[in-house]
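Read the structure below first, then the notes.
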Amino acid sequence: MVYKDQDAFRRDLKAIYKAPSRDQAETALLKLSETWSDKYAVAVRSWETNWAELSSFFNFPPESRCLIYTNNGLESYTRQLRKVAKNKAVFPTDESIRKLFYLAQRDIAKRWTMPIPNWANILNQLVVYFQDRVKL
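Position one of the sequence shown corresponds to residue 130 (our numbering), numbered consecutively onward.
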């Protein structure tokens, strides 16, 4: 992708997954297709081909959608584990790296104090949607 197009393309993608409803997201997908299918046919076709799966998060309330389409927490956690592991060049056994990651996980969990916005509402919605999986 050409660098000068990245911001505009991302903006059009964001209009899809941040749309308040499935209908508005489909309209944004059509706009994306009209605007970018000549230059970036593979990326646009991927969204169109997989729309049934990609749009399934519109079944959930807006508060819960952000947890579905973002992976910032996971990226942060992975970055912290990598930071711990890169200081060691060699691990003598598999057990040694398991222990290192266990201790790192403990330290990471202590520092992880940022609450998820609207967590009480999101948890209630998850209990309703996934009664058999989420137990309170």
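In this text, a Cβ means the ideal position worked out from N, Cα and C, and glycines have one as well.
Because the structure is a prediction, the values reported are computed rather than measured.
Using only the alpha-carbon positions, how far apart do Ala-157 and Lys-228 sit? Against the sequence shown, residue 157 aligns to sequence position 28. Against the sequence shown, residue 228 aligns to sequence position 99. Ala-157 and Lys-228: Cα-Cα distance of roughly 47 Å.
When DSSP labels each residue in this structure, what does Ile-145 get in the three-state scheme? Mapped onto the sequence shown, residue 145 falls at position 16. In the structure shown, Ile-145 sits in a helix (DSSP, three-state: H, G or I).
Under 9 Å, do Ile-145 and Trp-176 count as touching if we go by C-beta distance? Along the sequence shown, read from residue 1 onward, the residue named residue 145 stands at position 16. Along the sequence shown, read from residue 1 onward, the residue named residue 176 stands at position 47. Result yes, Cβ atoms of Ile-145 and Trp-176 sit closer than 9 Å.
Exposure of Leu-161, with buried meaning 16 or more beta-carbon neighbours within 10 Å: Taking the first residue of the sequence shown as position 1, residue 161 is located at position 32. Flag for Leu-161 reads buried.
Just to confirm, is the Cβ distance from Ala-218 to Ser-184 under 9 Å? Indexing the sequence shown from 1 puts residue 218 at position 89. Indexing the sequence shown from 1 puts residue 184 at position 55. For Ala-218 and Ser-184, no; Cβs fall outside 9 Å.
Please give me, in chain order, every unbroken run of the alpha helix (DSSP H) with length at least 4 that falls completely inside the segment 214-247. 223-240
Considering Cα atoms alone, identify which of Lys-168, Cys-195, Gln-135 and Phe-220 is closest to Lys-147. The residue given as residue 147 occupies position 18 in the sequence shown. Closest by alpha carbon: Cys-195.
Could you say which of Ile-226, Asn-216 and Gln-209 lies nearest to Asp-236 if we only look at CA atoms? Sequence index remark: in the sequence shown, residue 236 carries index 107 (1-based). The shortest Cα separation from Asp-236 among Ile-226, Asn-216 and Gln-209 belongs to Gln-209.
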